[in-house]
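For the sequence shown, the positions run 621 to 696 when the working numbering is used. First up is the structure itself, then whatever we jot down about it.
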Amino acid sequence: MAVSLTELDELEAFFASVELPETIMLNAATKQNAVKESVQAGIALIRSGEMAPRLEEAKMNILRSIKTALLAQQQQ
621 MAVSLTELDE LEAFFASVEL PETIMLNAAT KQNAVKESVQ AGIALIRSGE
671 MAPRLEEAKM NILRSIKTAL LAQQQQ
C-alpha cells in the first residue's frame, strides 16, 4: 500500500503545531527517544521516495503512534 501524501502532510502539520517532548511512551512497553529527530527523519525519508513501500508504511506507523501518544498525553 502506497503512503498517502495527504496523510503525511497532515501528520507534518500536526507535529509542527505541538511541542515535541524528548521522549514519549508509545505504549506500556515502548519508549520513543529523540522524538523531534525521529519525526523529522521519518518524514524526510518518506518524502524522499527512496524507501520500499513496506518500510514507508512502517515509518508511517511510527509517526501515527507518536501522534496518538501525544494526543493521549494532551488529554491527561
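Glycine included, every Cβ here is placed at the ideal spot set by N, Cα and C.
- With contact defined as three or more Cβ pairs closer than 8 Å, the segment 626 to 642 and the segment 653 to 667 are in contact.
- Relative to VAL655, the option among SER624, ARG684, GLN696 whose CA is nearest is ARG684.
- Per DSSP, LEU631 is one residue of the alpha helix (DSSP H) stretching across 625 to 637.
- The alpha-carbon separation between LEU675 and LYS651 amounts to approximately 20 Å.
- In terms of Cβ geometry, VAL638 and LEU691 do not form a close pair [threshold 7 Å].
- Contact between LEU625 and ILE686 does not hold, since the beta-carbon distance rounds to 18 Å and is not under 8 Å.
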